[in-house]
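A.B. asks: Quick one: the structure is below, and I'll ask about it shortly.
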Amino acid sequence: MAMETISTLGGSENDVSDSNNNIPGPSAASLRESSSANTAAVTKNANVTIPTIDMTAHPKPIIAEQMWNAAHTVGFFTIINHGISEHDIDSIFDLSKTFFDQPRTTKNRVPFDRDRNSGYEYMTQAPASTKTMDQKESMQITAREGCMNGLWPEHPANFRNDVEGLMVKTHALACSILSLLEPYACPHLQPGTLAGSHRLWKEDGQCTLRLMHYPPVTLNNEDDDDDEDDDNNATPTPPSKNLWRAGAHTDWGCITLLFQRLDQPGLECRADPRGDALWIEVPPVANGGITVNVGDMLQLWSGERLKSNMHRVRMPREEEGKKGRYSTAFFLQADGR
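Each residue of the sequence shown is one higher than the last, beginning at 177 in my numbering.
Next comes the structure, spelled out in structure tokens:
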């Protein structure tokens with residue numbers, strides 16, 4: 177959870193450039209100033225934390241109120257006991273690692289197609305907030321009729337089956353969250369209107385799943401980045417204030433659901449989406465925790481009762497740099513109709 181950037185038509189834990197965001201918010205210049213050192217300590221404001229919501233702990237009206245309280249303050253929350261098994265989550269991360277472990281020449285057989293917002297990308301996104309390439313690679317699947325024709329990876333052999341299975345489960349969960357928020361965010365709408373506007377594999381579908389890999393960071397420049405036969409899964413540069421795993425951005429859809437690994441931190445968001453320059457951690461949570469954040473479209477449809485919060489993925493610190501970071505984001509984005 178682009179959230180962890182996204183291309184022109186996609187959303188993510190980390191992936192929509194500021195140029196695609198028409199919602200009023202901090203300027204790219206102010207973001208660069210407030211984020212000048214990407215390894216700077218995140219604020220330890222005890223009054224601002226990312227809430228964890230147990231979806232089985234209370235009746236639905238109470239769960240809805242908890243989600244609303246989180247969504248209209250910090251714009252992020254984490255859910256547990258949500259119905260997607262830890263086995264399913266572990267399986268998608270295993271699948272992601274198997275795919276990204278392949279040589280880049282193999283992954284480039286399904287290159288990113290901007291018109292279809294689908295395919296494989298390697299360090300091609302430069303958000304306006306940083307003007308440097310995000311240090312990541314990704315495989316994006318947009319659930320629109322015919323969109324993935326010729327773009328499904330051949331290896332691993334179970335890629336399509338497992339991805340489509342997870343998309344069905346995550347889509348259902350995302351729609352249920354949207355329906356819980358709907359009476360608060362859009363009280364003028366008939367119940368179910370928002371969820372009914374997000375369909376999978378229809379002719380105008382926009383919902384997207386994105387597998388993301390942030391390569392390990394090496395502390396030397398010995399690797400030849402142009403040699404694709406070398407270790408293509410390492411970034412041959414040390415952490416720098418000019419580099420981010422994902423520069424600050426918002427997601428343009430309604431909500432994003434992000435799967436994170438417990439031992440792979442780095443996601444941060446603004447403490448206050450209404451202008452606070454401080455950043456706080458959005459930590460991974462045990463028991464299959466899924467991070468949820470509000471996107472630009474829901475901010476617009478809610479009449480700005482909700483705010484789409486800026487978020488980013490910092491470069492690793494010390495020992496963190498020796499291993500990569502994996503995340504998987506599902507972007508609930510309304511149909512084009």
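Ideal Cβ positions, reconstructed from N, Cα and C, are used throughout, including at glycine.
Who are W455's beta bridge partners in DSSP?
C.D. replies: Under DSSP, the beta-bridge partners assigned to W455 are R446.
A.B. asks: Just curious, the alpha helix (DSSP H) that G341 is in, first and last residue?
C.D. replies: F335 to A361
A.B. asks: Mind checking I238: buried by the 16 CB within 10 Å criterion, or exposed?
C.D. replies: I238 should be labelled exposed.
A.B. asks: With DSSP as the reference, label F288 as helix, strand or coil.
C.D. replies: Three-state DSSP puts F288 in coil, outside helix and strand.
A.B. asks: Using a threshold of 8 Å, state whether the C-beta atoms of V387 and M491 are closer than that.
C.D. replies: Going by the sequence as given, residue 387 is Leu instead of Val. No, these two residues do not count as a Cβ contact at 8 Å.
A.B. asks: With a 10 Å radius around its C-beta and 16 neighbouring C-beta atoms as the bar for buried, classify R290 as buried or exposed.
C.D. replies: exposed
A.B. asks: Is P449 a contact residue of the ligand MN, with contact defined as CB to any heavy atom under 7 Å?
C.D. replies: As presented, the structure is devoid of all ligands, the ligand MN included, so that no description of it is given.
A.B. asks: Are the segment 295–311 and the segment 244–262 touching, with three or more C-beta to C-beta distances below 8 Å?
C.D. replies: They do not touch, by the three-pair rule.
A.B. asks: With respect to the beta strand (DSSP E) encompassing H425, which residues constitute its N-terminal and C-terminal limits?
C.D. replies: A422 to H425
A.B. asks: If contact is defined by three or more beta carbon pairs under 8 Å, each pair taking one atom from either stretch, is the segment 428–435 in contact with the segment 464–484?
C.D. replies: yes
A.B. asks: Quick one: is D380 buried, meaning 16 or more other Cβ sit within 10 Å of its Cβ, or exposed?
C.D. replies: exposed
A.B. asks: Given that a residue counts as buried once 16 or more other Cβ atoms are within 10 Å of its Cβ, and exposed if not, what is R450?
C.D. replies: Flag for R450 reads exposed.
A.B. asks: So the candidates are N223, P441 and A246; which of them puts its Cα closest to the Cα of S503?
C.D. replies: When each option's Cα is compared against that of S503, the closest is P441.
A.B. asks: Is the beta carbon of F384 sitting closer than 8 Å to the one on F507?
C.D. replies: The amino acid at residue 384 is misidentified as Phe; the sequence shows Thr. Yes. Within cutoff.
A.B. asks: How far does the alpha helix (DSSP H) with M243 in it reach, from first residue to last?
C.D. replies: K236 to A247
A.B. asks: If you draw a straight line from the C-alpha of A432 to the C-alpha of N463, how long is it?
C.D. replies: The sequence as given places Thr at residue 432; Ala does not occur at that position. One C-alpha to the other measures close to 19 Å.
A.B. asks: Would you say T394 and F252 are within 8 Å of each other, going by their C-beta atoms?
C.D. replies: No, the Cβ-Cβ distance between T394 and F252 is not below 8 Å.
A.B. asks: Which same chain residues, not among the five before or five after W328, have their C-beta less than 8 Å away from its C-beta?
C.D. replies: V286, F335 and R336
A.B. asks: What first and last residue would you give for the alpha helix (DSSP H) that runs through Q475?
C.D. replies: D472 to W477
A.B. asks: Taking the alpha-carbon positions, what's the E496 to A422 distance?
C.D. replies: The straight-line gap from Cα to Cα measures roughly 16 Å.
A.B. asks: Three-state secondary structure (DSSP) at L385?
C.D. replies: strand
A.B. asks: Taking only the alpha-carbon atoms, compute the straight-line gap between L365 and G322 and give it to the nearest angstrom.
C.D. replies: 31 Å
A.B. asks: Please look up how many angstroms separate the CB atoms of D526 and K312, rounded, as I've assumed it's under 8 Å.
C.D. replies: Coverage of the chain is limited to positions 177 through 513, which leaves residue 526 absent and any answer about it impossible.
A.B. asks: Less than 7 Å between C-beta atoms, sequence neighbours within five positions excluded: which residues of the same chain meet that for R437?
C.D. replies: F269, P460 and Y502
A.B. asks: Quick check: the Cα distance between D310 and P391, rounded to an integer number of angstroms?
C.D. replies: 11 Å
A.B. asks: Nearest by alpha-carbon distance to H389: which of E241, P303, G500 and N325 is it?
C.D. replies: G500
A.B. asks: Can you name the residues that DSSP bridges to V250?
C.D. replies: DSSP lists no partner for V250.
A.B. asks: Would you report the Cα separation of R493 and W420, rounded to the nearest angstrom?
C.D. replies: When rounded, the distance between both Cα atoms is 12 Å.
A.B. asks: Are P227 and A246 close, meaning C-beta to C-beta below 8 Å?
C.D. replies: yes
A.B. asks: For T274, which residues from the same chain have a beta carbon less than 6 Å from its beta carbon, with the 5 sequence-adjacent residues on both sides left out?
C.D. replies: P332
A.B. asks: With DSSP collapsed to three states, give me the class of G512.
C.D. replies: When secondary structure is reduced to three states using DSSP, G512 falls in the coil class, being assigned neither helix nor strand.
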